[in-house]
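In order, the protein sequences belong to chains A and B.
Under our numbering, residue 619 is the last one in the first sequence; the count climbs by one each step, no gaps.
Under our numbering, residue 503 is the last one in the second sequence; the count climbs by one each step, no gaps.
All C-beta atoms in this analysis are idealised placements derived from N, C-alpha and C, irrespective of residue type, glycine included.
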Amino acid sequence: MKRIALLGMPNTGKSTFFNRMTGASSRTGNWPGVTVDLLGAKVLLGSSMVEIVDLPGIYDLHGFSEDEQVVRHFLENNSVDLVLIVLNTSQIERQLSLALQAKQLGLPALMLLNMADEAKKLGITVDPDKMSKMLEMPVVMLSAKYGTGYREVHELVGSRVASSQPVRLETIQEMLAEEGKIESAMDKVLKSTVQIPARLPDNLTTKLDRVMLHPWLGLPLFFLVMYLTFQAIFLFGKPLQDGVTWMLDAFRSAALEPLFSHFPVLLKGLLLDGIYNGLGTVATFVPIIILFFLFMAIIEDTGYLSRAAFLMDALMYRLGLDGRSFVMLLMGFGCNVPALMGTRVMRSRSLRFLTMLVIPFSLCSARLQVFIFITAAIFSRSAAPLVLFSLYLFSFATSLLTAVLFKRQFANTEPFILEVPPYRFPTLRQMLMRGWLEVRHFLIRASKFIVAGVVLVWLLTHLPTNVPPGSPQTLAGMIGSACSPLLDPIGIDQQLALALIFGFVAKEIVIGSLAVIYGTQGNDLMAMMASHLDWVQAYSFMLFTLVYTPCLSTVATLKSESKSNSFMWLSLGWSLLLAWVLSFVFYQGARALGY
Amino acid sequence: MSVVKLSTMGPGQSGVIAALHAEDELYHRLAEMGFRVGNRIEILRLGRFSGPLHLRIGTTDLMLRRSDAQKIDIAAA
């Protein structure tokens, strides 16, 4: 029987390919010269049965590590008719060496460039025909994950193995020439067959790094870059957001109001004030999110984020996090949702969870709107900026405190090794594609969740039907008074309690809900609030709003990213508890001091 | 030729990897990045406040924490 061996580095999708090729027929077995069990299977290829063996993932054939010795001993003691070399295309710069070693050993080989889709996203293109000529072995692009290119591989393997002769190697160690030869051959193949996005010349990267990673200038420069990025997002995003709001309002009054005018009042209210306005709130955030991802994609693809991780790792390490966590935390100041999704790059589950636990305390742009409104209403013009600044400090402090408190529960052992890529120019296509994928993901998930949330809040504030909406006699009002034993000690009255319920869905509707609750808006609302609340109550309300929970979208993202209900509840419960304790200490403390 | 721990080396110094005393996960991550016995390694800079090391191996630049760098022996050239 003919024999095929699968060879490749770890994490190349070799096992996924093996499973696809062999179905459920695989079993472990013993092989001469090898002390560990290897996975093997017999499958029908073309007209004859062929045996396929999955060798351990290795980085080269020299045999320094245990797995490398297993592979070496297997090849020295068993003959093979064909070696399938599985490579991760996006790492082809480092992985091609394995194929060259196989070629040097004279193994009959066929190279599979796996994860072709991922490489394409990174802008890496390969000329498989040319590479095939240079390496003197067939080269096929493949995505084992999505099954593209798979049929071609199946046929090629069948015809190849039918005509090949078995080879058994004598002593691999002596047959492999010095590393230098392989490296120069690799350079030659890479140069003429692989295209990697325009990268700045190495000496330019070195010069840029001298400034960007400067011992003293590095961090201030980094904060400046982030500040300018947020400024740019809101500079371009705000007019777009206003435009979307205007269009949604116009559509509502021109088309929807007349269309639903004959509907029962309750149904009309639910459809228009509940679902349409709720979805509209999500829609107005789409421009900001698109811009956010676009800018982040640019910064990330240029290779700058890994420099930021380098600069901040020393501090984050002491908090149980790493440099990448800091970058995500900063992204959270724009919006928590993409920041949570960004933690996907982390391999260790505990590191990822600890980072996700910390992100919701980032004072996002939606919370900023609420704080700007309230500080303008309650505080003097000279005190307002200080109040805002203090809220940013609280945001940082609660994040750091959370990390310190939970770092033992989420102790991570993930080694922090990160490539520092050369600075690159991302292509326009690459940026747009990434932005689009993330936005689509956000819309699909957020819309379902938000519809349910806004319908619920609308019903709570409109039932029963015989009392004024939003009044203390509604369900929401009853919840408000039921909460009063908890909220009175922190200075939050029933009107503000209702706003907190709205704020759970999205912070963007807090101001709108206050307008409904107080029955007025704009400057009148500010004056009304100033007459109802003193500064201690207002600050306590803002502290609570900052910490208690980000919004439904963030909670939904926490759940979908962690795939764990208990983690979502932990995050929610901890935020609520921390918010209450903070506000309690502040409110009672201030009152005790006579304010 | 003297063997030192990578974590004790300074910016601008270089050497050849002599041994990796890393456990499984770290070993795999290192190997993925091109850390192999016999490969030349150069230290570009050190992060402030005992931050990570900025290294160059072949054509790859990367960062590595000092605690992990302790597990790597370098034969100084």
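Where the alpha helix (DSSP H) containing residue i begins and where it ends
i, result
"V164 of chain A", "Looking at the DSSP string, V164 of chain A is not in any alpha helix (DSSP H); the run it does join, the beta strand (DSSP E), is 163–165."
"V20 of chain A", "Residue 20 of chain A is absent from the structure shown; chain A starts at 25 and stops at 619."
"V110 of chain A", "Per DSSP, V110 of chain A belongs to no alpha helix (DSSP H); it is in the beta strand (DSSP E), 106–112."
"A133 of chain A", "Per DSSP, A133 of chain A belongs to no alpha helix (DSSP H); it is in the beta strand (DSSP E), 133–138."
"K583 of chain A", "576–586"
"K292 of chain A", "289–293"
"I82 of chain A", "Unbroken run through I82 of chain A: none, as it is neither H nor E."
"M340 of chain A", "328–342"
"D450 of chain B", "450–458"
"I525 of chain A", "518–529"
"F41 of chain A", "38–46"
"N490 of chain A", "First-last for N490 of chain A: undefined, no H or E at that position."
"I299 of chain A", "Here I299 of chain A belongs to no alpha helix (DSSP H), and DSSP marks it neither H nor E."
"M502 of chain A", "499–511"
"Q433 of chain A", "Here Q433 of chain A belongs to no alpha helix (DSSP H), and DSSP marks it neither H nor E."
DSSP bridge partner residues for residue i (one or two, in chain order)
i, result
"S440 of chain B", "B:E468"
"E75 of chain A", "A:R27, A:K66"
"K431 of chain B", "B:D499"
"A279 of chain A", "BP columns for A279 of chain A are empty, so no partner."
"E443 of chain A", "B:L488"
"G32 of chain A", "A:V110"
"A445 of chain B", "B:D499"
"V218 of chain A", "A:V150"
"T172 of chain A", "A:S167"
"V191 of chain A", "A:V104"
Interface partners of residue i on chain B, CB under 8 Å
i, result
"A338 of chain A", "G473, R474, F475, S476, G477, P478"
"F334 of chain A", "G473, G477, P478, H480, M489"
"F440 of chain A", "P478, M489, L490, R491, D494"
"V444 of chain A", "H480, D487, L488, M489"
Proximal chain B residues relative to residue i, where beta-carbon distance stays under 7 Å
i, result
"P239 of chain A", "R474"
"T34 of chain A", "The residue you asked about is not Thr; residue 34 of chain A is Pro in the sequence shown. Chain B residues near P34 of chain A: H454."
"Y447 of chain A", "Those do not exist, as Y447 of chain A stays about 11 Å from chain B at its closest Cβ, beyond 7 Å."
Limits of the unbroken beta strand (DSSP E) element including residue i
i, result
"T486 of chain B", "486–490"
"M355 of chain A", "Careful: M355 of chain A lies outside any beta strand (DSSP E), inside the alpha helix (DSSP H) at 347–355."
"D404 of chain B", "Look at the range of chain B in this structure, 427 to 503, and you will see that residue 404 of chain B is not part of it."
"H480 of chain B", "479–483"
Beta-carbon separation (whole angstroms), residue i vs residue j, contact threshold 8 Å
i, j, result
"E142 of chain A", "L214 of chain A", "Not really, about 18 Å apart at Cβ, beyond 8 Å."
"M459 of chain B", "I483 of chain B", "7 Å"
"S423 of chain A", "S386 of chain A", "7 Å"
"G81 of chain A", "G32 of chain A", "6 Å"
"A502 of chain B", "S428 of chain B", "6 Å"
"G130 of chain A", "L318 of chain A", "In fact, because the Cβ distance is near 50 Å, the residues do not count as touching under 8 Å."
"A140 of chain A", "L106 of chain A", "So it is not a contact: roughly 21 Å between Cβ atoms."
"I514 of chain A", "W598 of chain A", "The pair is not a contact, with the Cβ atoms about 17 Å apart (cut-off 8 Å)."
"K212 of chain A", "V110 of chain A", "Going by Cβ atoms, the distance from K212 of chain A to V110 of chain A rounds to 22 Å, so no, they are not a contact pair."
"S564 of chain A", "S607 of chain A", "5 Å"
"R175 of chain A", "S103 of chain A", "About 28 Å; that fails the 8 Å criterion."
"P439 of chain A", "E451 of chain B", "6 Å"
"H480 of chain B", "L470 of chain B", "4 Å"
Chain-ordered neighbours of residue i on chain A, where CB pairs are closer than 7 Å
i, result
"G460 of chain B", "R118"
Closer than 9 Å at the beta carbon, the chain B residues around residue i
i, result
"Y83 of chain A", "H454, A457, E458, G460, R462"
"Y341 of chain A", "S476, G477, P478, R491, S493"
Proximity test, residue i beta-carbon vs the ligand ATP heavy atom, cut-off 7 Å
i, result
"I516 of chain A", "Questions concerning the ligand ATP fall outside what the structure shown contains, since it holds no ligand whatsoever."
Beta-carbon neighbours of residue i, restricted to chain A and to distances below 8 Å
i, result
"E451 of chain B", "T437, E438, P439"
Any chain C beta carbon closer than 8 Å to residue i
i, result
"E451 of chain B", "Absence of chain C from the displayed structure is noted, the protein chains being A and B."
Within the chosen definition, does the region 480–487 of chain A reach the region 497–517 of chain A through at least 3 CB pairs nearer than 8 Å?
yes
Using a Cβ distance threshold of 8 Å, determine whether the region 607–616 of chain A contacts the region 478–494 of chain B, with at least three qualifying pairs required.
Because the criterion of three Cβ pairs below 8 Å is not met, the region 607–616 of chain A and the region 478–494 of chain B do not touch.
With a cut-off of 8 Å, do at least 3 Cβ pairs link the region 344–358 of chain A to the region 379–389 of chain A?
yes
Does the region 303–319 of chain A come close enough to the region 257–274 of chain A to have 3 or more Cβ pairs within less than 8 Å?
yes
Between the region 248–259 of chain A and the region 172–184 of chain A, are three or more C-beta pairs nearer than 8 Å?
no
When you compare the region 579–588 of chain A with the region 355–365 of chain A, are there three or more beta-carbon pairs, one atom per stretch, that lie closer than 8 Å?
yes
Under 8 Å: do the region 549–567 of chain A and the region 588–595 of chain A share three or more Cβ pairs, one atom per stretch?
no
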